[in-house]
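These protein sequence lines are chains G and U, in that order.
For the first sequence, position 46 (counting from the first letter as 1) is numbered 66 according to my numbering, and the numbering increases by one without interruption.
For the second sequence, position 157 (counting from the first letter as 1) is numbered 177 according to my numbering, and the numbering increases by one without interruption.
Virtual Cβ for every residue (Gly too), placed ideally from N, Cα, C.
I have placed the structure first, in the form of structure tokens, so that the comments after it can refer back to it.
Protein chains: 2
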Amino acid sequence: MTVRRLSVYFRCLAHLEEDGVKTISSQELAARFHLNSAQVRKDLAYFGEFGIRGIGYDTAVLRAEIQRILGLDREWRVVLVGFGNLGSALFHYRGFARQGFRIAAIVDDDAAKIGRSVNGLVIEALAELPRVVKSQAIQIGVVAVPAEAAQGVADRLIAAGVRAILNFAPSRVKVPKDVRLQNVDLSIELENLSFHLGQGAR
Amino acid sequence: MTVRRLSVYFRCLAHLEEDGVKTISSQELAARFHLNSAQVRKDLAYFGEFGIRGIGYDTAVLRAEIQRILGLDREWRVVLVGFGNLGSALFHYRGFARQGFRIAAIVDDDAAKIGRSVNGLVIEALAELPRVVKSQAIQIGVVAVPAEAAQGVADRLIAAGVRAILNFAPSRVKVPKDVRLQNVDLSIELENLSFHLGQGAR
DNA sequence: TAGATTGTTAATCGATTAACAATC
DNA sequence: TAGATTGTTAATCGATTAACAATC
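Here's what the structure looks like:
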């Protein structure tokens, strides 16, 4: 939960820095997100002493610290598996690059797509995964295939040596404990929205 | 938080029902998600008495109850704003229809796209939003436009009369209190993944 | 020094879990 | 009736908030 809040602080600080704001207090930061100032201080203090008593936090310093804590100061090398609508959307999504996620390879199992070049990157065959992961020093596999194919793709990614899987397929996949799995599950968001809309109607 | 867990129970129960499992205990259900059985019972009891003492829960009955609670037994009418990569991916995403989200209209401000027909649905001009929302009885607006355009689109959707906004743009938008806003923020998921991968490396 | 704001300890609150009477 | 499992109350735990000494 703290990590999610750190993400939020980070984006806010980046904006403040752009706007030329030099320092900010936990009070001001908290007000922007309807949080308690003690919570903001505690979240930050957990990772170190970044503030100056009587002054607040140096915007640029704190932004850089959070960036480092979140691992946003380094690049992660990613293979995108599946170049259908979703895969294509993710490939063109700017946010990926902005967060340091560099799509270093694309694979698909559709013969019609293999060999096609997008932005200078050639789509490779799914069977080439082990070679691609190794030669491109890839750490993360992004699963953008239909639900039925997700587990199989995840297994192949892990066998090929990725350390983490970002799963966009609308299905849960199982991974060993030493592999980090992050699901981006649209269904849960839709159900959440549906629930709250339904409540409002009553 | 309970709603998120209900979503998970729902999917599990749907599977169990397909597999012909007639009843399930809170114990068994909890075991599947590494939860406490008391928590499962409490989550369910919050909405009514669905279980049978000494037996457990009737899979089909509980599935139907949760479906109703989550509002998944009815249809929500949706307008998709933006038919770029992301919009197109969302349009073809089966999960939408599966959860009862019926894309009843598509709008875009790109003249090259307006008038194009996808699966029998004609892409309309953004300016037509008020008419489209009214004539199609639309309740939810899905924002799939670039970050810079998101707030403007949200404002127009609200003015046109939608009750909820599902925002996929990588930017926070502000909405009045009576409009339900659900952000699907990929950045936070990426930062979460990045953080945990970074920790593992230390 | 006076005013402000941090980092942190103690108090509070809410959510999770254990325990058990009710009951199938 | 005996065994099992619910719904719910009471106990525990963790996260949030208030308060304040430290210090810029």
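Could you check whether the segment 65-82 of chain G touches the segment 100-113 of chain G, counting it as contact only if at least three pairs of C-beta atoms, one from each stretch, sit closer than 8 Å? For the pair of segments examined, the segment 65-82 of chain G was found not to touch the segment 100-113 of chain G: the number of CB pairs separated by less than 8 Å stays below three.
Excluding the five sequence neighbours on either side, which residues of its own chain have a C-beta within less than 8 Å of the C-beta of Gly68 of chain G, listed in chain order? Only Glu85 meet the Cβ criterion.
What do you get for Lys197 of chain G, buried or exposed, if any count of 16 or more other CB atoms within 10 angstroms of its CB means buried? It is exposed - the Cβ of Lys197 of chain G has fewer than 16 other Cβ atoms within 10 Å.
Distance, Cα to Cα, Val204 of chain U vs Tyr66 of chain G? Cα to Cα, Val204 of chain U sits roughly 27 Å from Tyr66 of chain G.
By Cβ distance below 8 Å, which residues in the same chain neighbour Ala131 of chain G in space, the five residues on each side in sequence not counted? So the list is empty, once near-sequence residues are dropped.
Chain G residues whose Cβ lies nearer than 9 Å to that of Arg24 of chain U: In chain order: Ile208, Glu211 and Asn212.
So, does the CB of Arg222 of chain G fall closer than 8 Å to a CB anywhere in chain U? The predicted model places Arg222 of chain G with a pLDDT of 49, which falls under 50 and marks its position as unreliable, so this point remains unresolved.
Check Ser45 of chain U in the structure and name its three-state DSSP category. Residue state for Ser45 of chain U is assigned as coil, using DSSP reduced to three classes.
If you follow the alpha helix (DSSP H) that Leu141 of chain U is in, where does it begin and where does it stop? Per DSSP, Leu141 of chain U belongs to no alpha helix (DSSP H); it is in the beta strand (DSSP E), Leu141 to Ala145.
What does the alpha-carbon distance come out to for the pair Gln59 of chain G and Ala125 of chain G? Answer to the nearest angstrom: the Cα atoms are 41 Å apart.
8 Å Cβ cutoff, Gln171 of chain G in contact with chain U: Interface criterion not met: the Cβ of Gln171 of chain G is under 8 Å from no Cβ in chain U.
Could you give the distance in angstroms between the alpha-carbon of Glu144 of chain U and the alpha-carbon of Arg176 of chain U? The straight-line gap from Cα to Cα measures roughly 15 Å.
Just the C-alpha distance for Arg94 of chain G and Glu148 of chain U, rounded to the nearest angstrom, thanks. For Arg94 of chain G and Glu148 of chain U, the gap between their C-alpha atoms comes out near 44 Å.
Range of the contiguous alpha helix (DSSP H) that encloses Asp63 of chain G: That run of the alpha helix (DSSP H) goes Ser57 to Ala65.
Secondary structure of Asp128 of chain U, DSSP reduced to three states: The answer is strand: DSSP assigns Asp128 of chain U an E or B state.
Contact residues within the segment 32-65 of chain G, judged by C-beta distance below 9 Å to chain U: From the segment 32-65 of chain G, no residue has a Cβ closer than 9 Å to chain U.
Contact belief for Ala184 of chain U with Ala170 of chain U at Cβ below 8 Å, rounded distance in angstroms: No, Ala184 of chain U and Ala170 of chain U are not in contact; Cβ-Cβ is about 15 Å, not under 8 Å.
Residue environment, Phe53 of chain U, which counts as buried when at least 16 other CB atoms sit within 10 Å: Counting Cβ neighbours within 10 Å, Phe53 of chain U comes out exposed, since fewer than 16 surround it.
How would you list, in chain order, the residues of chain U whose beta-carbon sits under 8 Å from the beta-carbon of Arg200 of chain G? For a Cβ distance threshold of 8 Å, residue set Leu213, His216, Leu217 and Gly220 of chain U lies close to Arg200 of chain G, ordered along the chain.
Look up Ala34 of chain U in the DSSP assignment and say whether it is helix, strand or coil. In the structure shown, Ala34 of chain U falls within a helical segment according to DSSP collapsed to helix, strand and coil.
For Gln219 of chain U and Lys154 of chain U, what's the separation of their Cα atoms in angstroms? Roughly 50 Å between the two C-alpha positions.
Residues from the segment 98-123 of chain U in contact with chain G, defined by Cβ distance under 9 Å: The segment 98-123 of chain U vs chain G, Cβ under 9 Å: Gly104, Asn105, Leu106, Gly107, Ser108, Ala109, Leu110, Phe111, His112, Tyr113, Arg114, Gly115, Phe116, Arg118, Gln119, Gly120 and Phe121.
Considering only the beta carbon of each residue, do Ser137 of chain U and Gly120 of chain G sit closer than 8 Å? In this structure, Gly120 of chain G does not lie closer than 8 Å to Ser137 of chain U by Cβ.
Residues bridged to Gly107 of chain U by DSSP? Residue pairing by DSSP places Gly107 of chain U opposite no residue, since no beta bridge is assigned to it.
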